[in-house]
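Start counting the sequence shown at 275; every next residue gets the next number (the numbering used here).
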Amino acid sequence: MTILHKIARQDFKLNRKRSIGTIVGITLSVALIMAVATMLTSLRQTLIQREIDTGGYYHVKLYDVTPQQLKKIRQNRDFKQIKTTSDLGLAAFDHADAAIEQFPLMTVASLNQTKPATLGYHLSSGTWPQTDQEIVISESALLASGLKIGDQLQLKIGKSTVKKRKLPDSDALIEQATVVKGKNRNFRITGVLSADKYGYQGLTCAANVKSYTVYLALKHPQHFRRDLPELLGLRNYQQMREGKKARYRYNLNDGLLHWEVLQFSDQTLLMLVTVATIVIAVIMLTSIFCIRNSFAISITEKTKTYGMLASVGATKKQIKRIVLLQSGQLGLIGIPLGLGLGVLASYILGLVVNHIGSQFLFGRANSFQLKFSWIGLLIAVVLGWATIYFSASSSARRASKVSPIAQIRNEQDVKLTSKNLRVPKWIQRVFKSGGVLAYKNLRRSRKKYRTTVISLAVSVFTFIAMSAFVTAAFNFSYQRFHSLDFNLSFSPNYEGMALKSAKTQAQIQAITKLPDTKHVQVMTALAENGNLKLAGVENHLAPGLAARDHQELQLLALDRTAFRKYGRANGLTEQQLASGLILFDNDTKTVNGKQINVHNYRYQAGDLISGSYQDHSSSSHKKYQAEFRLSGVTRKLPDMVSFYWTMPSILIADQQVAQQQLPLVLQSIVMDASKPEDTIREVRKITLQLGSWNLDGQIREEKTMRLLISIFLYGFIIVITLIGITNIFNTITANMALRQREFAVLKSVGMTKKEFDHMVNLETLFYSLKSLLIGIVSGIGVALLIYWGFNRGQAEQVHYQLPWLAIGLAIVFVFLLVFWIMRYSLSKFNRQNIIETIRKENV
């Protein structure tokens, strides 16, 4: 071991507290990068596995493939896995709702030496079929038929056609799929499929059929834009997007492609890349500055030590090497600790996710997969060492340039001029002698105090910027995963449940009064989903739009309670809502490659909207005239409307107002039911004309997704805050430690405790105000950039919110934290002997 290594090692031992502070800064900075990279990698891998578990591992599925075509496909070297099922056809079977369903048929296929799990099929109970006389069926088919495992199931398998027939409890006609030219076959039920992927479904085995569904997995998924068009006989991927006729009927596994090769829409990808770049830049800046600041403080403390070494013969090169060796020792400890802490934090967060929502989010319990990120490790290590090296090199050059006498006297950072000594009169009048000393302390050594101010400013800036990111991410996720205010939806199985019918009214009343339900809402529409033909629309269109393309509008009517709730949520008054019609108008168009929201119509609140509607569902084809005064124009649809409709412009009416002029039919009834399955059975007792949709699982998944996003984002902000606190603590305690001799001298010449406290409090005020001004302004600037990133290329904008809460917390946090840290440092100083402190050479 050389003398330089011994000096570096001995210095590490003598300045253990400061070394530990520097190591903590390095550890947290590296841990942040490692944790973010590990969690992103783990989340992506988990979502890939979820798509494989639920849908199977394939990138494209081909239908109705002949044996000759299959032989040719097997020769294609672009695919690493080729799996097939044989198509037996559609089958009619006896079940409870066969008389009222529009598609009461079962899809039957045969497994061909293919593991079912690789195609996304899983059993909830029973075993897989082993012969062509056995079958597994979907859970919905089992419940509808009333059968159980081991029973015989008779199927009439053939081709389907559509026929009209009467419903059992009304004279209404329904178009229903039925089997023609079918053959009866008997199967023994051996198992139940765990998920209803495509309605009623059955899987058998070893059937001799010459029509296949082929599942293909690419060798190189990242080249899917090149390989898939070649397979389908298209010129390029753009033709696939345009829906051009291909060699085969096909379906892409978009869910798998989304996460495996990050195949999102151009606008979504642009948004993700922009936001990720801004956030990563903030993380990098915070990490780099935290590490650099730790070394800058460390070198400042050791300036006198380096001066003494230079005075006994140490060369500039040797001093530089000592600094680099000391830095290397800190890096060897801090970087591995940071990597381990980052992985540990990711592991704990993974356990939390698996505990609270893995079943709903990823399809099964404990399915969040922790995947180590080698790229994250490389970035964290390289960035950590690079920052340590350049920070240490800069400090080493500065330490080697100053003369030994100046270093021993510690005078290189103190530069006084007559201008520096001038103190504003208002400070003398308001803060007295303590204020004068505090002001001069800030002026006489700007470099040292600049480090403290910038350290505080960076912490404030990072906190505000990341708080804005959290808020924007919450708003963005809410737009995509916001929970609906209902979990059950009922819609007619046919057209014709007229609202004016006494029978329909009685059924609606009975359903709205069911127990264990709340927020029941009824939506109606014109018969056959007809449109209202507007009169004089050419005078109310946006420039450049043709009247023939926008003359008709869909009209939907809500019950009065739901209508008024919707209107009030969009800022309309009760007086405005009395007229009973709201125009939803929110189209999008692309301008200079960016999607923007536009209005198609120039209607305003108070305008008259008149139009006509011809009822083709009646034998008389009666024509109706209607006139409404517009309550207002909105850009947001009610949940129950947006769940079914995505048109850019819709008329939303009050049912009681609209039915006085127009014929309305029931469209849907939605509700929040505490016992969804029991409610469905009760509705079926009232009428068989309504089909049900249980959204309870989807609602819980959305709520869990929002909770998961909250955990990620709050965990992120906690780590950022810890880094900021560490940075501030290291900076201020080091600054106060360097000034212990100065404080001791002031006390030795008669400065009272009150004057001393006054001086320190004023320095706290000056530090805090200057750093808050810089940090808040720069934080708001980055917050604007983050919101701009979220809105880039998006039609649905995330509205900017000034981070008032974060700014308020930052102000309180900085004053309290700086005050506490300075008091902590002074308490240590007050316990020391003044004479010994003045004599002290080492901190």
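The beta-carbon is built from N, C-alpha and C at its ideal position, and this holds for glycine as well.
Is the beta carbon of Arg-523 sitting closer than 8 Å to the one on Tyr-337?
yes
Pull up the distance between the alpha-carbon of Leu-490 and that of Leu-644, whole angstroms please.
28 Å
Looking at C-beta atoms only, is the number of pairs between the region 1101 to 1109 and the region 1008 to 1024 that lie closer than 8 Å three or more?
yes
Mark Gln-929 as exposed unless 16 or more other C-beta atoms lie within 10 angstroms of its C-beta, in which case mark it buried.
buried
DSSP state of Ala-520, grouped into three classes?
coil
First and last residue of the alpha helix (DSSP H) that includes Trp-1094?
1078 to 1104
Tell me whether Asp-361 is buried or exposed, calling it buried when 16 or more other Cβ atoms sit within 10 Å of its Cβ.
buried
Which one or two residues does DSSP pair with Glu-1016 in a beta bridge?
For Glu-1016, which the question treats as bridged, DSSP gives no partner whatsoever.
So, helix, strand or coil for Ile-294, using DSSP?
helix
For Met-275, collect the residues of the same chain with a Cβ closer than 6 Å to its Cβ; drop the 5 residues on either side in sequence, then sort them by chain order.
Model confidence at Met-275 stands at a pLDDT of 49, short of 50, so the residue's coordinates are unreliable; what they give is reported in the following sentence. Nothing listed; no residue qualifies.
Length-filtered (4 minimum) alpha helix (DSSP H) runs lying within the region 474 to 539:
498 to 506, 511 to 515 and 528 to 534
Which residues does DSSP list as the beta-bridge partners of Thr-908?
Phe-858
Thr-862 and Ile-856: beta carbons closer than 8 Å?
no
Restricting to runs no shorter than 3 residues, where is the beta strand (DSSP E) found entirely within the region 374 to 441?
380 to 385, 397 to 400, 408 to 412 and 426 to 440
Measure the CB-CB distance between Ser-219 and Thr-312 and report whether it falls below 8 Å.
Any property of residue 219 remains undetermined from this structure, which presents the chain solely from 275 to 1117.
State whether the region 769 to 788 contacts the region 837 to 845, with contact taken as three or more CB pairs (one from each stretch) at a distance under 8 Å.
no
With burial defined as no fewer than 16 other Cβ atoms inside 10 Å of the residue's Cβ, what is the status of Gly-420: buried or exposed?
exposed
One or two residues paired with Pro-937 in a DSSP bridge:
Answer is none; Pro-937 lacks a bridge partner.
How big is the Cα-Cα spacing for Val-626 and Ile-356?
38 Å
Inspect the CB distances between the region 525 to 532 and the region 325 to 339 and report whether three or more fall short of 8 Å.
yes
Could you tell me which of Gln-828, Ala-365, Phe-760 and Ala-784 sits nearest to Phe-917, measuring between CA atoms?
Phe-760
State yes or no: is the C-beta of Phe-1030 within less than 8 Å of the C-beta of Lys-1021?
yes
In this structure, does DSSP put Gly-456 in helix, strand or coil?
strand
Tell me whether Lys-1007 is buried or exposed, calling it buried when 16 or more other Cβ atoms sit within 10 Å of its Cβ.
The sequence given here places Thr at residue 1007; Lys does not occur at that position. Per the 10 Å Cβ criterion, buried.
Figure out for me which residue from Ser-384, Lys-493 and Glu-375 has the closest Cα to the Cα of Thr-487.
Ser-384
If I follow the unbroken beta strand (DSSP E) through His-895, where does it start and stop?
Neither: His-895 is in no beta strand (DSSP E) and is coded neither H nor E.
Alpha carbon to alpha carbon, how far is Ser-733 from Leu-657? Give it in angstroms, no decimals.
19 Å
Along the chain, where does the alpha helix (DSSP H) that runs through Glu-951 open and close?
950 to 960
Name the residue from Leu-317, Leu-505 and Gln-407 whose alpha carbon lies nearest to the alpha carbon of Ile-347.
Leu-505
Determine the contact status of Glu-956 and Leu-762, defining contact as a CB-CB distance below 8 Å.
no
Mind reading off the beta-carbon distance from Met-945 to His-793? Whole number of angstroms is fine, and I expect it under 8 Å.
6 Å
Locate the alpha helix (DSSP H) running through Lys-839, then write down its first and last residues.
834 to 843
Report yes if the CB atom of Leu-615 is closer than 8 Å to the CB atom of Ala-654, and no otherwise.
no
Count the other C-beta atoms from every protein chain shown that fall within 10 angstroms of the C-beta of Met-921, then say buried if there are 16 or more, exposed otherwise.
exposed
According to DSSP, residues forming a beta bridge with Gly-587:
In DSSP, Gly-587 forms no bridge with anything.
Can we say the region 732 to 749 touches the region 947 to 956, given the rule of at least three CB pairs closer than 8 Å?
no
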